[in-house]
Amino acid sequence: MFNYIKFAITQIVGFIFSLIPLSIFKSSPDKYSQEDKSRFLNLHAKKSLKRVKINLDIKGRENIPDEPALFVANHSSMLDGFILMASIEKPFGCVIADEPVWRNIPIVRKWASLVKCVYMNRENNREGMKSIIKAAENIKNGQYMAIFPEGDLTWVKDNSAIISDFKAGALKIAYKAKCPIVPVAIKNSKDTYEGYQPYGKINSKDVCVEFLKPVVEHIENPRCKTIELAEKIRCSMIESIVN
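For the sequence shown, UniProt numbering gives the first residue as 1, with consecutive numbering after it.
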């Protein structure tokens, strides 16, 4: 519980201090790049993980293309968002579940808007498609995006799975943007956080994040089925985790 208290205090202090750069960025949006806006969150995520001794071993950064892409990551821990933010040096926005707990935190909501995060309605297909189109537009406009295509924590969906089945529709973002997909295998994060709520027990662990080679099959062959591509990507990520 002590780790959680340290982590929570880091969030409170960090986001209070973030009000100054947040105000500056919002008052002069054209003066600052997405790199400038994302740098604060990247450093904050690194500091938060370091405070609770979650050490990252990042591999395969050379596989991140210079052109905007869709990062696809597995999701075993409530801390995976922080792990992803600390691992990706490029400016990126996340596709986030459209839940009140994420939409209603004032400072978090403002930062999410600033870095072009997109809320995904998982209950309404029409609204979900609007989110997919918006995320694709962000990529076309030069912004990297990231998504956890399992749609929930791995162990919540299937406690026996290394990575649970993907919601293949998530890949439509890359189809519409005609951008590469970069699979991101997050290894050993499950035990970093015990619980399924914004509060829980945080454990100090070593976590490996590996960026796999970009996938471009859907660009070369737009008729490639999302279900088949999703399963191929999922299997490559499992192979990375197992090996």
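Ideal Cβ placement from N, Cα and C applies to all residues, glycine included.
If you reduce the DSSP assignment to three classes, tell me which class residue i lands in.
i: residue 97; result: strand
i: residue 161; result: coil
i: residue 32; result: coil
i: residue 294; result: Look at the range of the chain in this structure, 1 to 243, and you will see that residue 294 is not part of it.
i: residue 202; result: strand
i: residue 68; result: coil
i: residue 42; result: helix
i: residue 175; result: helix
i: residue 152; result: coil
i: residue 222; result: coil
i: residue 85; result: helix
i: residue 138; result: helix
i: residue 7; result: helix
i: residue 56; result: strand
i: residue 166; result: coil
i: residue 1; result: coil
Assuming residue i and residue j form a contact by the criterion Cβ under 8 Å, report the distance between their Cβ atoms to the nearest whole angstrom.
i: residue 237; j: residue 163; result: 6 Å
i: residue 215; j: residue 181; result: 4 Å
i: residue 117; j: residue 81; result: In fact, because the Cβ distance is near 10 Å, the residues do not count as touching under 8 Å.
i: residue 136; j: residue 227; result: With a Cβ gap of about 19 Å, residue 136 and residue 227 do not count as contacting.
i: residue 112; j: residue 85; result: About 12 Å separates the two Cβ atoms, so there is no contact after all.
Cβ of residue i within 9 Å of Cβ of residue j?
i: residue 91; j: residue 143; result: yes
i: residue 147; j: residue 69; result: no
i: residue 76; j: residue 58; result: no
i: residue 14; j: residue 50; result: no
i: residue 37; j: residue 115; result: yes
i: residue 234; j: residue 166; result: yes
i: residue 184; j: residue 145; result: no
i: residue 56; j: residue 208; result: yes
i: residue 89; j: residue 42; result: yes
i: residue 240; j: residue 210; result: yes
i: residue 97; j: residue 122; result: yes
i: residue 170; j: residue 198; result: no
i: residue 213; j: residue 63; result: yes
For residue i, collect the residues of the same chain with a Cβ closer than 7 Å to its Cβ; drop the 5 residues on either side in sequence, then sort them by chain order.
i: residue 217; result: 224 and 229
i: residue 204; result: 3, 52, 53 and 54
i: residue 120; result: 95, 96, 97, 98, 128 and 131
i: residue 28; result: none
Apply the 10 Å Cβ neighbour rule to residue i and answer buried if 16 or more other Cβ atoms are within range, or exposed otherwise.
i: residue 19; result: exposed
i: residue 193; result: buried
i: residue 186; result: buried
i: residue 99; result: exposed
i: residue 242; result: exposed
i: residue 202; result: buried
i: residue 1; result: exposed
i: residue 329; result: No answer is possible for residue 329: the residues shown for the chain start at 1 and end at 243.
i: residue 71; result: buried
i: residue 5; result: exposed
i: residue 139; result: buried
Skipping 5 residues on each side, what residues in its chain have a beta carbon closer than 6 Å to that of residue i?
i: residue 158; result: 164
i: residue 132; result: 172 and 173
i: residue 10; result: 48 and 51
i: residue 151; result: 167
i: residue 35; result: 91
i: residue 176; result: 136
i: residue 102; result: 96
Tell me which residues share the same chain as residue i and place their Cβ nearer than 8 Å to its Cβ, disregarding the 5 neighbours each side in the sequence.
i: residue 24; result: 32
i: residue 154; result: 74, 75, 76, 161, 162, 163, 164 and 190
i: residue 26; result: 110 and 114
i: residue 200; result: 4, 78, 193 and 194
Answer with yes or no whether the minimum CB distance from residue i to chain B is below 9 Å.
i: residue 165; result: Chain labels in this structure do not include chain B; a single protein chain is all it has.
Just checking residue i against the ligand ATP - is the residue's beta carbon closer than 8 Å to any of the ligand's heavy atoms?
i: residue 161; result: This structure lacks the ligand ATP, and indeed carries no ligand of any kind.
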